[in-house]
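J.: I have a structure here, written as structure tokens, and I will follow up with some questions on it.
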Amino acid sequence: MENVTILGAGSWGTALANVLAENGHNTLLWTHRIDQANEINEQHTNDKYLPNVQLPSQLTATANLQEALNHSDVIVVAVPTKAIQEVCHSLMTFLNDKKLFVHVSKGIDPDTLKRISEMLRENLSPDVIKEIVVLSGPSHAEEVVLHHPTTITAACGNLEMAEKVQDLFMNQYFRVYTNEDVIGVELGGALKNVIALAAGVSDGLNYGDNAKAALITRGLAEITRLGVKMGGNPFTFAGLTGMGDLIATCTSVHSRNWRAGNMLGKGMKLDEVLENIGMVVEGVRTTKAAYQLSQEYDVPMPLTTALYNVLFNGKEPKEAVDELMIRMKKREIDIL
Ligand SMILES: NC(=O)C1=CN([C@@H]2O[C@H](COP(=O)(O)OP(=O)(O)OC[C@H]3O[C@@H](n4cnc5c(N)ncnc54)[C@H](OP(=O)(O)O)[C@@H]3O)[C@@H](O)[C@H]2O)C=CC1
Ligand SMILES: O=C(CO)COP(=O)(O)O
Numbered sequence: 005m006e007n008v009t010i011l012g013a014g015s016w017g018t019a020l021a022n023v024l025a026e027n028g029h030n031t032l033l034w035t036h037r038i039d040q041a042n043e044i045n046e047q048h049t050n051d052k053y054l055p056n057v058q059l060p061s062q063l064t065a066t067a068n069l070q071e072a073l074n075h076s077d078v079i080v081v082a083v084p085t086k087a088i089q090e091v092c093h094s095l096m097t098f099l100n101d102k103k104l105f106v107h108v109s110k111g112i113d114p115d116t117l118k119r120i121s122e123m124l125r126e127n128l129s130p131d132v133i134k135e136i137v138v139l140s141g142p143s144h145a146e147e148v149v150l151h152h153p154t155t156i157t158a159a160c161g162n163l164e165m166a167e168k169v170q171d172l173f174m175n176q177y178f179r180v181y182t183n184e185d186v187i188g189v190e191l192g193g194a195l196k197n198v199i200a201l202a203a204g205v206s207d208g209l210n211y212g213d214n215a216k217a218a219l220i221t222r223g224l225a226e227i228t229r230l231g232v233k234m235g236g237n238p239f240t241f242a243g244l245t246g247m248g249d250l251i252a253t254c255t256s257v258h259s260r261n262w263r264a265g266n267m268l269g270k271g272m273k274l275d276e277v278l279e280n281i282g283m284v285v286e287g288v289r290t291t292k293a294a295y296q297l298s299q300e301y302d303v304p305m306p307l308t309t310a311l312y313n314v315l316f317n318g319k320e321p322k323e324a325v326d327e328l329m330i331r332m333k334k335r336e337i338d339i340l
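So the sequence shown is numbered by our numbering: it starts at 5 and just counts up by one.
Here it is in structure tokens:
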């Protein structure tokens with residue numbers, strides 16, 4: 005049994021805290037909202053993010069960051085990408101020894117084009133980082149809290165640390181693999197959100213299953229194209245954190261990215277959609293980042309570009325799809 009701290013009490017931070025507490029670890033969940041910490045400690049619920057879920061009484065929460073950091077040498081960072089920098093700055097006020105960081109966020113920063121582990125290394129001093137492990141894969145919080153069988157990957161260049169995280173989280177409903185390819189795992193997890201938004205748009209337009217299958221497979225082709233050029237292992241994109249998460253996110257009503265795309269496809273405006281969802285939709289900012297990366301690395305990403313034009317240039321979804329379909333003829337298989 006270990007002490008573990010989770011930063012961020014949204015749907016994923018809470019679901020992972022639940023896994024750890026059920027595994028017998030002494031788990032402390034940090035939230036920046038006192039009322040939410042009180043709700044978790046007194047009622048053992050987190051109604052906004054996981055309605056109708058009873059959390060174990062041994063799972064406790066705090067709104068005191070110093071207390072959260074003192075609790076453990078393992079810090080799971082579970083805030084959205086847009087909050088990573090701010091959280092790192094807060095951490096630097098309190099940290100004075102090395103911690104093992106596990107991050108579970110799926111995004112790329114559109115301002116710096118950095119992956120999350122790069123952002124952590126940039127915004128935290130090396131004196132406080134023992135190692136950074138990425139935990140990613142097809143894993144909707146809503147299903148994990150119901151103990152539905154879930155597989156996920158712990159990635160780190162230092163395999164021993166990935167195995168430590170594997171041991172912390174693994175149980176009979178939560179199966180954890182390891183991978184040494186941090187770049188591939190992070191890029192797959194972030195870029196699948198772009199394609200899930202596009203799949204939602206397609207479903208919102210009632211384009212059916214052929215179109216959805218096309219988006220998933222051609223989406224994987226462009227994710228792999230960029231990911232390999234950025235240094236990822238091509239096999240990683242065919243694995244849980246690539247194809248696996250792409251399938252889960254493009255086909256699930258739990259996916260906030262799919263749901264957001266669906267509303268866009270039905271004609272709602274982006275601001276209205278985001279307000280309606282009320283949780284993070286990582287794919288929006290990541291589309292901006294991916295579009296810029298495709299230009300920087302000179303990698304064609306037609307689906308990402310089409311979605312970028314819908315989200316940020318006022319292109320009508322149907323027109324974007326029509327334009328995708330009449331592009332010049334192509335071979336299916338790229339030489340990587
Ligand atoms: N949900 C899922 O099934 C999965 C999510 N992920 C990834 O996990 C990450 C977190 O997502 P998820 O939990 O779903 O997001 P949610 O939108 O459900 O929750 C986000 C949480 O982060 C908190 N937060 C936001 N900004 C800050 C900040 N500056 N300081 C402290 N806390 C902050 C929010 O607080 P507040 O209530 O105040 O807004 C909220 O508690 C994302 O990158 C997502 O892609 C990965 C796998 C599965
Ligand atoms: O990453 C996820 C499942 O693996 C969650 O996806 P959404 O953020 O689209 O809900």
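Glycine is no exception: its CB is placed at the ideal position from the N, C-alpha and C atoms.
How about THR157: is its Cβ closer than 7 Å to a heavy atom in ligand 2?
T.: Along the sequence shown, one-based indexing puts residue 157 at 153. False, no ligand heavy atom lies under 7 Å from that Cβ.
J.: Look at the alpha carbon of VAL78 and the alpha carbon of ASP113, and state the distance between them as a whole number of angstroms.
T.: Position 74 of the sequence shown, counting from 1, holds the residue named residue 78. Position 109 of the sequence shown, counting from 1, holds the residue named residue 113. Each residue's Cα considered, the two are about 24 Å apart.
J.: Within 7 Å: the Cβ of TRP34 and any heavy atom of ligand 2?
T.: In the sequence shown, the residue the question calls residue 34 occupies position 30. Result no, Cβ not under 7 Å from ligand 2.
J.: THR155 to PRO142, Cα distance in whole Å?
T.: Position 151 of the sequence shown holds residue 155. Position 138 of the sequence shown holds residue 142. Cα-Cα distance, rounded: 7 Å.
J.: If you reduce the DSSP assignment to three classes, tell me which class HIS93 lands in.
T.: Within the sequence shown, residue 93 is the residue found at index 89, counting from 1. Of the three classes helix, strand and coil, the one that applies to HIS93 here is helix, per DSSP.
J.: Give me the Cα-Cα distance between THR198 and ARG263, rounded to the nearest whole angstrom.
T.: For the purposes of this step, residue 198 is taken as residue 194 along the sequence shown, with counting starting at 1. For the purposes of this step, residue 263 is taken as residue 259 along the sequence shown, with counting starting at 1. According to the sequence as given, residue 198 is Val; it is not Thr. Counting only the Cα atoms, ARG263 lies some 12 Å from VAL198.
J.: Hey, quick one: how far does the alpha helix (DSSP H) through ILE136 stretch, first residue to last?
T.: Here residue 136 is taken as the residue at index 132 of the sequence shown, counted from 1. Premise fails: ILE136 lies in the beta strand (DSSP E), 133-140, not in any alpha helix (DSSP H).
J.: Counting pairs of beta carbons, one from the segment 310-328 and one from the segment 231-248, are three or more of them closer than 8 Å?
T.: No: fewer than three Cβ pairs fall under 8 Å.
J.: Just confirm the distance between the C-beta atoms of LEU59 and THR49, as a whole number of angstroms; I'd bet it's less than 8 Å.
T.: Reading the sequence shown from its first residue, position 55 is the one you call residue 59. Reading the sequence shown from its first residue, position 45 is the one you call residue 49. Between THR49 and LEU59 the Cβ distance is about 6 Å, and since that is below 8 Å, they are a contact.
J.: What distance in whole Å lies between the Cβ atoms of ALA82 and LEU20, which are believed to be in contact at a cut-off of 8 Å?
T.: As a first step, residue 20 is located in the sequence shown; it is residue number 16 there, counting from the start. As a first step, residue 82 is located in the sequence shown; it is residue number 78 there, counting from the start. Contact holds; Cβ gap of about 6 Å.
J.: Just reading off the beta strand (DSSP E) that TYR181 is part of, what are its end residues?
T.: If you number the sequence shown from 1, residue 181 lands on position 177. It spans 178-183 - the beta strand (DSSP E) in which TYR181 sits, taken as one unbroken run.
J.: In chain order, what are the residue ranges of uninterrupted alpha helix (DSSP H) at least 4 long that sit wholly in the segment 42-118?
T.: If only uninterrupted alpha helix (DSSP H) runs of at least 4 residues are considered, those enclosed by the segment 42-118 are 69-74 and 85-98.
J.: Is LEU289 close to ligand 1? I mean its beta-carbon at under 7 Å from any heavy atom of the ligand.
T.: As a working note, residue 289 is residue 285 in the sequence shown. It is worth fixing the name first, because residue 289 is Arg in this sequence and not Leu. Because no heavy atom of ligand 1 lies under 7 Å away, the Cβ of ARG289 does not count as near it: no.
J.: Does DSSP put ILE156 in a helix, a strand or coil?
T.: Residue mapping note: residue 156 aligns to position 152 of the sequence shown, counting from 1. Of the three classes helix, strand and coil, the one that applies to ILE156 here is strand, per DSSP.
J.: Applying the 10 Å Cβ sphere with the 16-neighbour rule, what's the burial state of GLY17?
T.: Sequence index remark: in the sequence shown, residue 17 carries index 13 (1-based). Looking at its Cβ environment, which holds 16 or more other Cβ atoms inside 10 Å, GLY17 is buried.
J.: How big is the Cα-Cα spacing for ASN210 and SER129?
T.: By one-based count along the sequence shown, residue 210 stands at place 206. By one-based count along the sequence shown, residue 129 stands at place 125. Their backbone Cα atoms lie some 49 Å apart in a straight line.
J.: Quick check on THR221: buried or exposed, where buried means 16 or more other Cβ atoms within 10 Å of its Cβ?
T.: Here the question's residue 221 lines up with position 217 in the sequence shown. With fewer than 16 other Cβ atoms within 10 Å, it is exposed.
J.: When the distance is taken between beta carbons, is ALA159 closer than 8 Å to VAL186?
T.: Here residue 186 is taken as the residue at index 182 of the sequence shown, counted from 1. Here residue 159 is taken as the residue at index 155 of the sequence shown, counted from 1. The Cβ-Cβ distance between VAL186 and ALA159 falls below 8 Å.
J.: Using 8 Å as the cut-off, can you tell me whether the segment 143-154 makes contact with the segment 121-128, which would need three or more C-beta pairs spanning the two stretches below that distance?
T.: no
J.: Please report the straight-line C-alpha distance between ALA65 and SER94, rounded to a whole angstrom.
T.: Here residue 65 corresponds to residue number 61 of the sequence shown, with the count starting at 1. Here residue 94 corresponds to residue number 90 of the sequence shown, with the count starting at 1. Between ALA65 and SER94, the C-alpha separation is close to 18 Å.
J.: Under a three-way DSSP split, which group does ILE337 fall into?
T.: Start at 1 with the first residue of the sequence shown, and residue 337 comes out as number 333. Three-state DSSP puts ILE337 in coil, outside helix and strand.
J.: Is any heavy atom of ligand 2 found at a distance shorter than 7 Å from the C-beta of ALA252?
T.: Your numbering for residue 252 matches position 248 in the sequence shown. Yes.
J.: Can you tell which of ASP249, ALA218, ALA13 and ASN7 has the C-alpha that lies nearest to the C-alpha of LEU104?
T.: Position 100 of the sequence shown, counting from 1, holds the residue named residue 104. For the residues ASP249, ALA218, ALA13 and ASN7, the minimum Cα distance to LEU104 belongs to ASN7.
J.: In or out: ALA25 buried (at least 16 other Cβ within 10 Å) or exposed?
T.: Residue numbering aside, residue 25 sits at position 21 when the sequence shown is read from its first letter. Flag for ALA25 reads buried.
J.: Drop a sphere of 10 angstroms on the beta-carbon of ALA217, count the other beta-carbons inside from all chains shown, and report buried for 16 or more, exposed for fewer.
T.: Residue numbering aside, residue 217 sits at position 213 when the sequence shown is read from its first letter. Exposed.
J.: Ignoring anything shorter than 4 residues or poking outside the segment 186-250, list the alpha helix (DSSP H) runs there in chain order.
T.: 186-208, 212-233 and 238-241
J.: Using a 10 Å radius around the Cβ and a threshold of 16 neighbouring Cβ atoms, would you call GLU226 buried or exposed?
T.: Here residue 226 refers to the residue found at position 222 of the sequence shown. The residue is buried, with at least 16 neighbouring Cβ atoms inside 10 Å.
J.: Among all the DSSP beta bridges, which residues are the ones paired with THR31?
T.: Position 27 of the sequence shown, counted from the first residue, corresponds to residue 31. Paired residue(s): VAL8.
J.: With a threshold of 7 Å (Cβ to nearest heavy atom), would PRO352 be considered close to ligand 1?
T.: No answer is possible for residue 352: it lies beyond the span of the chain, which begins at 5 and ends at 340.
J.: Can you grab the Cα-Cα spacing for the pair LEU63 / GLU184, in whole Å?
T.: Translated into positions along the sequence shown, residue 63 becomes position 59. Translated into positions along the sequence shown, residue 184 becomes position 180. Rounded to the nearest angstrom, the two C-alpha atoms are 31 Å apart.
J.: Using a 10 Å radius around the Cβ and a threshold of 16 neighbouring Cβ atoms, would you call PRO55 buried or exposed?
T.: Taking the first residue of the sequence shown as 1, we reach residue 55 at position 51. By the neighbour-count rule (16 or more Cβ atoms within 10 Å), PRO55 is not buried but exposed.
J.: Just reading off the alpha helix (DSSP H) that TYR312 is part of, what are its end residues?
T.: Here residue 312 corresponds to residue number 308 of the sequence shown, with the count starting at 1. Element bounds for TYR312: 306-316.
J.: GLU167 to LEU328, Cα distance in whole Å?
T.: In the sequence shown, counting from the first residue as 1, residue 167 sits at position 163. In the sequence shown, counting from the first residue as 1, residue 328 sits at position 324. Using only the alpha carbons, I get a separation of about 43 Å.
J.: List the whole-angstrom C-beta distance separating ILE133 from LYS102, where the pair is believed to meet the contact cut-off of C-beta under 8 Å.
T.: Residue 133 sits at position 129 when you count from the first residue of the sequence shown. Residue 102 sits at position 98 when you count from the first residue of the sequence shown. Confirmed, about 6 Å.
J.: Give the single residue among THR308, MET174 and GLU279 whose Cα lies nearest to the Cα of GLY28.
T.: For the purposes of this step, residue 28 is identified with residue 24 of the sequence shown, where counting begins at 1. Ranking the options by Cα distance to GLY28, first place goes to MET174.
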